[in-house]
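Some notes on the structure that comes next.
Protein chains in written order, with our numbering: chain A, 1221 to 1622; chain B, 288 to 762.
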């Protein structure tokens, strides 16, 4: 039966996340936007709570694990509202608080998600409780992740890594990094593998921290690997080169993380829209809308709200499909494309609607308008999402539609 | 339908089977070549219900047993497993809310799938073929409307006590059907669906007498043209706050009301046997009045517009048109209490959701058309869809189409559950107005000059889709 309300059991989670957003994130939002690269130690107090959320299937590292979905009585006719939905619902609310802080929550790194998805039981047991970053991008390989040049060579019982990784979220604060590298540069994307490199491994250096437009609470690092040796068993997934499946397996993690970034975007947009309404209302400007010929401000606000709501439903759909075992690559990219561009437009427009109040730093609206931009870039840019969607809709290969 | 509380046998022998009767009774299913598809769909329904499908089910009854059963039913006894909710004598029949399941779910029910499949086939086989001529004639094809009646859509909205088969509110089912029909042709869909707006208002707000007088006619064999008249000829008017007025009056027919004002873009105006006219009652807010065909003081003039021409839109001038007391929808009681049972907002909100579904159907027609076109059309030695400038436009259409659909489904499911949905209905209006229009204009753009000429339907869709957010009410 078509019912697009958040499920009853996720409403409690939603409320918890909202409390965290209001009481933990918001009070320190500006502090860590200003003090870029300072570690938000307040978040350590959140760690245990978040681990609790993880137990309930709501955390980043839990979202890909099997067996977390609920299926009472195993009724196949009953829709499942599982870990993917829970994560998206929680992410929206937490990012209504602060997306930068969410991105630097201990033990919630993208690498945790990758480990949960493809790690062996031994790897999970040993590293799963750590904070694992993900290192994909290189100075000359961004969206084209098949072009990465970092290499991994097997030398006896060890992999030897060489190369430079940039834009590694939580690259400094994490306890380990999942590094994408090729084991045979002549074989293209099929030879790209992921390796788990614990911090402190000799030959691995955090070379610099970036100064950024937004999400300043989250550290973004450049990591250099120079003859960095790790044990043979720290490869994630199979070391075999399967020209058909290997890269697809790596890309598949995006089906789960893209709705998550969409959720982040929706949270930021909601924050901006909500605060903009409050401030306009306080200034005596009508903000309710619903009329065919409302004021410009009313019309803009309801247009933006409709866009956010559209993005939210697309995102919930992608998560719902994942929970119900329906392939969702197309829908995940639709959600990410829509939510990220809407979030950016909404936050920037809110600055305009508020005028000076939106632009200066006494309010957080200007910060959200800076934070939102990255969401239309990482985990696949707007343009990459559009390629994925266009190929899917038109039935084109990546060779035909480049 | 509250699937949760029903046993599997109830689910099988209840609503779906009555739906089957509705759909399978006429020869429409056969004429559309739908018998096989319907039976396949029913096979799915049956399979889902599993082994509880007893030999007593009409689907598996022998001919003699079926005849016997039909004879029993014609005595006025319904299937024992489908108790009819009985309205107390003299009370209007209303629909129950659908109980929420507490689970986020995107899947239609089996009977909704059946309605959707039937509407889809009707759109393909009947509406598409008639669309061009109806648009050119600025009038619906009566044969299409007659055939549409066999779909039995009205019965899905009318409570059993008033001659239909509905138990619960059915806006979700309605929007699923509307999407399919609008994909066939928005103008013809409006013509087909306009009486349903009247039916809904009667079901939600009508008195017992009003329901008994009118509802059986809409669920009968013949198509009965009728329309809601809300819009007025002013920019930016709020459909729920009309300037058309109703004043108490007496005539040689007794006491009643005189209506003054003008209504715009009323579908089926020239053939309608009944209008539901929204007018302000001094001190009691806006109310709907039943204005039958031929009422003195009502002038109907064709008012063709940019699009939706197949619906035969008209202007309605009310110059002291007199209607008796019992023409007031919901009756006098609701007037006494200004915040009483009648709520013009709810009518407008439902219509906004229904218009959103029209946008979804119209936009889907565009998307379904431009994909093969741009894959086949070659320029510079390859399909134009190999260029990002073209491919991304189509990707965007697909994203916005799905977004509109989800917004519509969300608002409709809230409405069916009796929850507030004014906000969501407004978001549907805003989003579907903008993105529906975008689908229309991009559809023409993607075909270039070929899109501008009438060899292709995209120019019609361009005109039709601009109606979204302009049209209020009427559905």
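Note that the Cβ used here is the ideal one computed from N, Cα and C, for glycine as well.
Since we're looking at a predicted model, the values are computed, not measured.
- [ ] Locate the beta strand (DSSP E) running through residue 1382 of chain A, then write down its first and last residues.
- [x] Here the beta strand (DSSP E) through residue 1382 of chain A covers 1378-1389.
Task: Member of B:735, B:748, B:599, B:728 whose CA lies at the smallest distance from the CA of residue 432 of chain B - done: Taking only the C-alpha atoms, the option nearest residue 432 of chain B is B:599.
Open item on the list: On the DSSP bridge list, what partners appear for residue 588 of chain B?
Closed with: Residue pairing for residue 588 of chain B: DSSP places it in a beta bridge opposite B:602.
TODO: Measure how close the beta-carbons of residue 514 of chain B and residue 562 of chain B come, nearest whole angstrom, since I'm counting them as under 8 angstroms.
DONE: So it is a contact: roughly 6 angstroms between Cβ atoms.
Task: Partner residues on chain A for residue 394 of chain B, Cβ-Cβ distance less than 8 angstroms - done: In chain order: 1221, 1222, 1299.
Open item on the list: Cβ closer than 7 angstroms: which chain B residues qualify as neighbours of residue 1558 of chain A?
Closed with: For residue 1558 of chain A, the chain B residues whose C-beta falls within less than 7 angstroms of its own C-beta are 686, 690, listed in chain order.
Open item on the list: Residues of chain A with CB closer than 8 angstroms to the CB of residue 681 of chain B, please, in chain order.
Closed with: Chain-ordered, the chain A residues with CB closer than 8 angstroms to the CB of residue 681 of chain B read 1610, 1613, 1614.
Open item on the list: Pull the bridge partners of residue 645 of chain B from the DSSP assignment, please.
Closed with: Beta-bridge annotation (DSSP): residue 645 of chain B is not paired with any residue.
Task: Minimum Cβ-Cβ distance from residue 1596 of chain A to chain D less than 8 angstroms - done: In the structure shown, chain D does not exist; the protein chains are A and B.
Open item on the list: Less than 8 angstroms between CB atoms is the rule here; does residue 1312 of chain A satisfy it with respect to chain B?
Closed with: Residue 1312 of chain A does not count as touching chain B.
Task: Nonlocal neighbours in the same chain, by C-beta distance under 6 angstroms from residue 425 of chain B, ignoring five residues either side - done: Short of 6 angstroms from the beta carbon of residue 425 of chain B, and not among the five residues preceding or following it, lie these beta carbons of its own chain, in chain order: 591, 596.
TODO: Report yes or no: do three or more beta-carbon pairs, one from the segment 1366-1385 of chain A and one from the segment 1318-1325 of chain A, lie closer than 8 angstroms?
DONE: No, the segment 1366-1385 of chain A does not touch the segment 1318-1325 of chain A.
TODO: Whole angstroms is fine: what's the gap from residue 675 of chain B's alpha carbon to residue 1340 of chain A's?
DONE: The straight-line gap from Cα to Cα measures roughly 40 angstroms.
Open item on the list: Taking beta-carbon pairs under 8 angstroms, can you tell me which members of the segment 505-525 of chain B lie near chain A?
Closed with: Within the segment 505-525 of chain B, the qualifying residues are 522, 523, 524, 525.
Open item on the list: Does the CB of residue 495 of chain B have a neighbour CB from chain A at under 8 angstroms?
Closed with: No, no contact with chain A.
Task: Proximity test, Cβ basis, 8 angstroms: residue 1364 of chain A and chain B - done: So, not an interface residue.
TODO: Give me the Cα-Cα distance between residue 298 of chain B and residue 690 of chain B, rounded to the nearest whole angstrom.
DONE: At residue 298 of chain B the pLDDT is 42, less than 50, meaning the model places this residue with poor confidence; the figure from the coordinates comes in the next sentence. Our two residues, residue 298 of chain B and residue 690 of chain B, have alpha carbons roughly 31 angstroms apart in a direct line.
Task: First through last residue of the beta strand (DSSP E) which encompasses residue 1447 of chain A - done: For residue 1447 of chain A, the enclosing beta strand (DSSP E) stretches over residues 1440-1451.
Task: Other residues of its chain near residue 1256 of chain A: CB distance less than 6 angstroms, five sequence neighbours each side excluded - done: Counting only residues of its own chain and dropping the five nearest sequence neighbours on each side, residue 1256 of chain A has a CB closer than 6 angstroms to the CB of 1436.
- [ ] Take residue 458 of chain B and list the residues in its own chain whose beta-carbon comes closer than 7 angstroms to its own, dropping the five residues that flank it on each side.
- [x] If you ignore the 5 residues before and after residue 458 of chain B, its C-beta comes within less than 7 angstroms of the C-beta of 637, 640, 699, 702, 703, all in its own chain and listed in chain order.
TODO: Throw me the rounded Cβ distance for the residue 1371 of chain A and residue 1402 of chain A pair, which I believe falls under 8 angstroms.
DONE: Between residue 1402 of chain A and residue 1371 of chain A the Cβ distance is about 6 angstroms, and since that is below 8 angstroms, they are a contact.
Open item on the list: For residue 1494 of chain A and residue 642 of chain B, I'd like the C-alpha separation in whole angstroms.
Closed with: Cα atoms of residue 1494 of chain A and residue 642 of chain B: separation of roughly 28 angstroms, rounded to the nearest angstrom.
TODO: Starting from the Cα of residue 402 of chain B, find the closest Cα among B:460, B:455, B:420 and give me that residue.
DONE: For residue 402 of chain B, the closest C-alpha among the options B:460, B:455, B:420 is that of B:460.
Task: Coil, strand or helix - residue 569 of chain B by DSSP - done: Look at residue 569 of chain B here: in three-state DSSP terms it is coil, with no helix or strand label.
Task: Chain-ordered neighbours of residue 1487 of chain A on chain B, where CB pairs are closer than 9 angstroms - done: Neighbours of residue 1487 of chain A on chain B: none; closest Cβ ~18 angstroms, over 9 angstroms.
Open item on the list: Counting only beta-carbon separations shorter than 8 angstroms, does residue 1533 of chain A have a partner in chain B?
Closed with: At a cut-off of 8 angstroms between beta-carbon atoms, residue 1533 of chain A makes contact with chain B.
Task: DSSP bridge partner residues for residue 665 of chain B (one or two, in chain order) - done: Answer is B:670.
- [ ] Flag residue 1225 of chain A as yes if its beta-carbon sits less than 8 angstroms from any beta-carbon of chain B, otherwise no.
- [x] Yes, residue 1225 of chain A lies at the interface with chain B (some Cβ there is under 8 angstroms from its Cβ).
- [ ] Note down, in chain order, all residues in the segment 387-416 of chain B with a beta-carbon under 7 angstroms from any beta-carbon belonging to chain A.
- [x] So the close ones are 387, 388, 389, 390, 391, 392, 393, 394, 395, 396.
Open item on the list: So, does the segment 495-511 of chain B touch the segment 737-751 of chain B, judging by three or more C-beta pairs under 8 angstroms?
Closed with: Counting Cβ pairs under 8 angstroms, fewer than three are found: no touch.
Task: 8 angstroms Cβ cutoff, residue 1408 of chain A in contact with chain B - done: Chain B, which has no Cβ nearer than 8 angstroms to the Cβ of residue 1408 of chain A, makes this no.
TODO: Give the straight-line distance between the Cα atoms of residue 376 of chain B and residue 545 of chain B, rounded to the nearest whole angstrom.
DONE: Taken atom to atom, the span from the alpha-carbon of residue 376 of chain B to that of residue 545 of chain B is near 31 angstroms.
Task: Interface flag, residue 1536 of chain A vs chain B, CB-CB below 8 angstroms - done: At a cut-off of 8 angstroms, the C-beta of residue 1536 of chain A has a neighbouring C-beta in chain B.
Task: Where residue 1661 of chain A sits in the DSSP three-state scheme - done: With chain A represented from 1221 up to 1622, any question about residue 1661 of chain A goes unanswered, as that position is not in the structure.
- [ ] Taking residue 754 of chain B as part of the beta strand (DSSP E), name the residues at either end of that continuous run.
- [x] For residue 754 of chain B, there is no enclosing beta strand (DSSP E), as DSSP gives it neither H nor E.
Task: Distance between beta carbons of residue 566 of chain B and residue 531 of chain B, contact taken as under 8 angstroms - done: Residue 531 of chain B to residue 566 of chain B, Cβ: 4 angstroms. Contact.
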